[in-house]
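**Q**
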Amino acid sequence: MADSGLLSPRPSALDEDAFVARYGDVYEHSPWIARQAHRAGLRAGDDTAAGLAARLAAVFDAADASAQLAVLRAHPDLAGKLAVGGGLTADSSAEQAGAGLDQCTPGEFERFQALNAAYRARFDFPFIVAVRGLHRREILQAFEARLGNDADTERATAVAQVNRIARLRLIARAGG
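Going letter by letter, the sequence shown gives residues 598 to 773 in this note's numbering.
1. Can you give me the start and stop residues for the alpha helix (DSSP H) that residue 643 sits inside?
2. Please determine, among 743, 711 and 718, the residue with the shortest C-alpha to C-alpha distance to residue 725.
3. Near residue 748, what residues of its chain come up, given a Cβ to Cβ distance below 7 Å and the 5 sequence neighbours on each side ignored?
4. Pick helix, strand or coil for residue 603, following the three-state DSSP scheme.
5. On the DSSP letters alone, give me the boundaries of the alpha helix (DSSP H) that residue 688 sits inside.
6. Please tell me whether residue 644 and residue 723 are closer than 8 Å, where the distance is taken between their beta carbons.
7. I'd like the ranges of any alpha helix (DSSP H) spanning at least 4 consecutive residues and lying wholly in the region 719-758.
8. So, does the region 751-765 touch the region 653-670, judging by three or more C-beta pairs under 8 Å?
9. Using CA coordinates, which residue listed in 607, 732, 769 and 688 is at the minimum distance from residue 639?
So this is what it looks like as structure tokens:
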């Protein structure tokens with residue numbers, strides 16, 4: 598995986614509007630993260646997938662709890678209504694399909710729906726995991742295991758997973 602591959606055009610060379618247009622969707626429906634990263638100033642080290650991922654993650658990690666929760670809540674349920682109805686972002690759709698979530702058996706689909714409901718009831722945001730490279734059975738196992746977490750642990754885990762998703766999206770854009 599070309600984790601440090603150069604992004605083109607170079608993020609540090611883009612003006613704010615062009616940068617947000619290009620990278621504002623890396624965090625699901627949360628272009629403010631890209632905007633804040635650009636306003637903080639980008640350097641040559643931010644022109645790689647790894648560098649830009651770290652810069653964006655720093656903005657997200659430094660956000661207050663309500664802003665982080667808004668980002669978490671912007672994520673779709675796995676194998677949920679948006680996926681079935683074609684309402685996912687292009688990135689989310691490709692990621693879920695890559696994990697086989699578009700090929701669930703009826704039993705798996707029912708299990709995802711039950712887990713989605715239980716998770717949302719417990720944590721008030723959707724279950725988030727970087728699905729790239731995982732099979733739906735592994736995702737279901739992670740889902741079940743993480744339902745036992747306390748709220749603080751799970752929010753921190755979800756934030757880390759969102760940062761991982763963003764990093765993987767940037768790596769893909771760099772051709773990795």
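Glycine is no exception: its CB is placed at the ideal position from the N, C-alpha and C atoms.
Note that this is a predicted model, so its numbers are computed, not measured.
**A** To lay it out plainly:
1. Careful: residue 643 lies outside any alpha helix (DSSP H) and carries neither H nor E.
2. 743
3. 720
4. strand
5. 687-695
6. no
7. 733-743
8. yes
9. 607
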